[in-house]
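Participant:
Residue numbers (the working numbering): 280 to 405.
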């Protein structure tokens, strides 16, 4: 079994070295993960909140999960809104659509003031 694993790994490395498209695809995936890890270090959470557990690591993980879910949800709504526009829908290719992800955070202001209008909702198209 170990030899089969080594052979598969060698085949993959050979494919990787030969194919620029595979190298780009893997690099793009790594960039998404690295970007998300940078976002996690920018979003500050758990500084003074109370959560049911006393363990600090569980508290941070709980809040981080909530923040990530909220950020992905809002991002998904924004991406859907853009894709609902016929002008954008005609311009995007299958490759463009495959590259879409709700895991972006460039609109988060890590060191500035964020103003929220809690009296209005995100407009959702039906």
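Quick reminder that beta carbons are idealized off the backbone N, C-alpha and C, glycines included.
Can you tell me whether residue 350 is buried or exposed? The criterion is at least 16 other CB atoms within 10 Å of its CB, across all chains shown.
Facilitator: It counts as buried.
Participant: Can you name, in chain order, every residue of its own chain whose Cβ lies under 7 Å from the Cβ of residue 381, other than the five neighbours on each side?
Facilitator: Result list for residue 381: 351, 354, 355 and 358, in chain order.
Participant: Is residue 316 helix, strand or coil by DSSP?
Facilitator: Here residue 316 sits in helix by DSSP.
Participant: Using a Cβ-Cβ cut-off of 8 Å (strictly less than) and excluding sequence neighbours within five positions of residue 295, which residues of its own chain qualify?
Facilitator: So the qualifying residues of the chain are 301, 302 and 305.
Participant: I need the DSSP call for residue 291, collapsed to helix, strand or coil.
Facilitator: It is helical.
Participant: Could you give the distance in angstroms between the alpha-carbon of residue 384 and the alpha-carbon of residue 297?
Facilitator: Looking at the two C-alpha atoms, the distance is approximately 33 Å.
Participant: Residue 281 to residue 371, Cα distance in whole Å?
Facilitator: One C-alpha to the other measures close to 44 Å.
Participant: Can you look up residue 378 in the DSSP assignment and give me helix, strand or coil?
Facilitator: Of the three classes helix, strand and coil, the one that applies to residue 378 here is coil, per DSSP.
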